[in-house]
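First comes the structure, then the notes that go with it.
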Amino acid sequence: MSLSEDLAIYARTIAGDIEHGASHILKIAAGSLRTALSKNSNAPTKEVHGATREYALRLVSAHRRMAPILNFCNEVLLILQSHDEKDDTVAAKLLQYTLNTSKESSNALENVAAHASRSISGNQFMTHSRSSTLLHFMTKVRDRDDLTIFVTQSRPGAEGRLLAGELSVAGIRTILFEDAEVMRYLDRVSALVVGTDALIPSGIVNKVGTHMISLAAREMGVPVYCLTESIKIWPFDHPILEGMARGAISPLGGMEFFELVPSSMFHAIVLETGPTTFDEIIMGTENVRIAPEISRLVEG
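Residues 1 to 300 in our numbering are what the sequence shown lists, from first letter to last.
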C-alpha cells in the first residue's frame, strides 16, 4: 500500500472514533501519521505533501470540537507550508513533530495527574464521561483509603461504562449510575472532576450533561475541577462552536452531544503546570500562527 492509501485508512478510522476523548485521539493521530511515514519512507515528496494535507483536513473535519486535533493538524499544515514539494526534508520534520507530540502528551498527562493528586483532597469523586486525563488522576490516587469513583453512564453514548470498566481493572472501587441519579450521590463526594475536549474563550467543552451536573454540584457545595493539558487550549471560539452548533453529526451517522460549560462553574483548572483559574489562562492570539486551511474555519 502507498502512503496515501495508509493515511486514508487511518483518517477514516480516527474520524469514526466517537468513543474516546481528545487526549486519546491525539495520540492515535500522531502515532498513525508517524507509522505511515516510517512505513513509506520512499514516498515521493509530492505525495507526502498531498497525503498528509488530506489526512490533517480529514481529522479536522471529523473532530473540529477537539482542540488537540486542531492544534496538531494546524502545526502539521504549517510544516507542509514551510517546505516546498521539492524539499525532501519535510517527512523527517513531520516524523520528529509526531514523536515530540506523543512524548509531550504522555508527560502532560502524568504531570496533570500529579498536580491534581496534590491539590484535590478526599477519597470520593464523581465524574462524567470518559477522559484519559481523569483515568491518569484516579490511578495516581488509587492508594487512598476507601477510594470510590462515582461514574455517570454519560448518555448518549454511555462512555462512562468504558471508564468504569477501566477503573475496575485498575482495582479502583467504582459505582456506575444513570445520569439522572446524580443528586442521589453528590452529597457523598469530595469533588466533581471532569476532563474537556477544549478550553476556548467562551468556556469549556465537554460531554452534554456536564453543565447540569456542575450546577447541581455548586448547589451542594461540591467543588468542580477540570483536569486538562494545555494542548487543549484553543484561543478562538471557532471552529469549535460552529461544529457544536451543527449538531455534530458523527461519521457513523449518530449524534455526538457536547456542550459549552461556563468557566464560572469551575473551582480550578488543573494543567500540567499546576492548578489555576480559567481567567488566569492566557488565550492571546497575537503570536498564534494559523495555517490558511484552519484560518478559514476560525473566521467562520
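We put the beta carbon where it would ideally sit given N, CA and C, even for glycine.
Exposed unless 16 or more other CB atoms sit within 10 angstroms - verdict on residue i
{"i": "Ala-164", "result": "buried"}
{"i": "Ser-129", "result": "buried"}
{"i": "Gly-254", "result": "Here Gly-254 scores only 44 on pLDDT, less than 50, and its place in the model is too uncertain to base an answer on."}
{"i": "Thr-152", "result": "buried"}
{"i": "Val-208", "result": "buried"}
{"i": "Met-283", "result": "exposed"}
{"i": "Met-1", "result": "exposed"}
Under the three-state DSSP convention, the category residue i falls into
{"i": "Ala-245", "result": "helix"}
{"i": "Glu-166", "result": "helix"}
{"i": "Pro-275", "result": "strand"}
{"i": "Ala-191", "result": "strand"}
{"i": "Leu-260", "result": "strand"}
{"i": "Gly-221", "result": "coil"}
{"i": "Ile-233", "result": "strand"}
{"i": "Thr-101", "result": "helix"}
{"i": "Val-205", "result": "strand"}
{"i": "Ala-8", "result": "helix"}
{"i": "Gln-304", "result": "Nothing about residue 304 can be reported from this structure: the residues present for the chain run from 1 to 300 only."}
{"i": "Ala-268", "result": "strand"}
Distance CB(residue i)-CB(residue j) smaller than 8 Å
{"i": "Val-261", "j": "Thr-210", "result": "yes"}
{"i": "Leu-70", "j": "Ile-294", "result": "yes"}
{"i": "Arg-65", "j": "Asp-197", "result": "yes"}
{"i": "Ile-175", "j": "Phe-150", "result": "yes"}
{"i": "Arg-193", "j": "Phe-125", "result": "Here residue 193 is Val; the residue named in the question, Arg, does not match the sequence. Yes. Within cutoff."}
{"i": "Val-76", "j": "Thr-52", "result": "yes"}
{"i": "Asn-123", "j": "Asp-146", "result": "yes"}
{"i": "Ala-91", "j": "Leu-134", "result": "no"}
{"i": "His-238", "j": "Leu-199", "result": "no"}
{"i": "Leu-59", "j": "Ala-108", "result": "no"}
Residue i at chain C interface by Cβ criterion, 8 Å
{"i": "Lys-207", "result": "Protein chains in the displayed structure number just one, and chain C is not present."}
Span of the beta strand (DSSP E) around residue i
{"i": "Leu-227", "result": "224-227"}
{"i": "Lys-86", "result": "Segment: none, Lys-86 is in no beta strand (DSSP E) and carries neither H nor E."}
Residue of the options minimising C-alpha distance to residue i
{"i": "Ala-113", "options": "Ile-269, Asp-279, Asn-287, Phe-278", "result": "Ile-269"}
{"i": "Glu-19", "options": "Asn-107, Glu-159, Tyr-97", "result": "Glu-159"}
{"i": "Ala-30", "options": "Lys-232, Glu-47, Pro-68", "result": "Pro-68"}
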